[in-house]
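> Just so you know, the sequence shown maps onto residues 1 to 138 in UniProt numbering.
Ideal placement from N, C-alpha and C gives every residue a C-beta, glycine not left out.
Note that the coordinates shown come from a computational prediction; the quantities given were computed from them, not determined experimentally.
To start, I am sharing the structure in question, which I have written as structure tokens.
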Amino acid sequence: MVRVIIAHHDPSIRLALELFLQAQTEIEIVSEVRRVGELLRDASLVEPDMIILAWDLPDFGKFSLSSHLIKTTGILSKNQVKGVVIRSLHNLPSNPVIVVTGNTQEDRFAVLYAGADEYIYHGDEPSRLLHLINALKV
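Spelled out as structure tokens, the structure:
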């Protein structure tokens with residue numbers, strides 16, 4: 001059984017991911033969140049095996065969320081802040097992070113550079129997500 005957190009700000013996408021993944025017998029949704037702060041909290045509490053994370057979460061690159069990280073690391077760019085958040089998720093008991101992103105090559109490179117294990121575009125077939133989960137499960 002793969003324990004998954006879904007982190008996406010759009011309720012309809014979160015619901016679609018939830019319904020698709022709940023239909024898979026080997027996947028358990030242990031938390032659904034819409035903000036990075038909730039994700040970091042829940043990831044440490046429920047110890048998921050994997051995180052599915054929207055690249056454009058509302059508070060992902062905001063200074064209010066990451067002011068301590070920015071002050072202590074000197075990070076300035078939004079993508080670099082996202083990278084710190086993704087890497088901090090790897091320090092938790094959960095390992096693989098799959099990022100849901102737009103359809104641009106620029107997004108793809110930024111996601112992988114930030115430390116995500118894999119990415120999926122919004123328009124990809126659901127079977128691709130299942131393939132990635134199976135490929136990354138520990």
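1. Skipping 5 residues on each side, what residues in its chain have a beta carbon closer than 6 Å to that of GLU118?
2. With the cut-off set at 8 Å, would you say ILE13 and LEU21 are in Cβ contact?
3. Going by DSSP in three states, LEU53 sits in which element: helix, strand or coil?
4. With DSSP as the reference, label ALA135 as helix, strand or coil.
5. DSSP on ARG128, reduced to helix/strand/coil?
6. Have a look at LEU112 and ILE86 and give me their C-alpha separation to the nearest angstrom.
7. With burial defined as no fewer than 16 other Cβ atoms inside 10 Å of the residue's Cβ, what is the status of residue 166: buried or exposed?
Let me lay it out:
1. ILE98, LEU132, listed in sequence order.
2. For the pair ILE13 and LEU21, the CB atoms are not nearer than the 8 Å cut-off.
3. When DSSP states are grouped into helix, strand and coil, LEU53 belongs to the strand group.
4. Residue state, collapsed to three classes: helix.
5. Annotated three-state conformation of ARG128 is helix, per DSSP.
6. In a straight line, the C-alpha of LEU112 is about 10 Å away from that of ILE86.
7. Lying before the first or after the last residue shown, residue 166 is absent from the chain, which here runs from 1 to 138.
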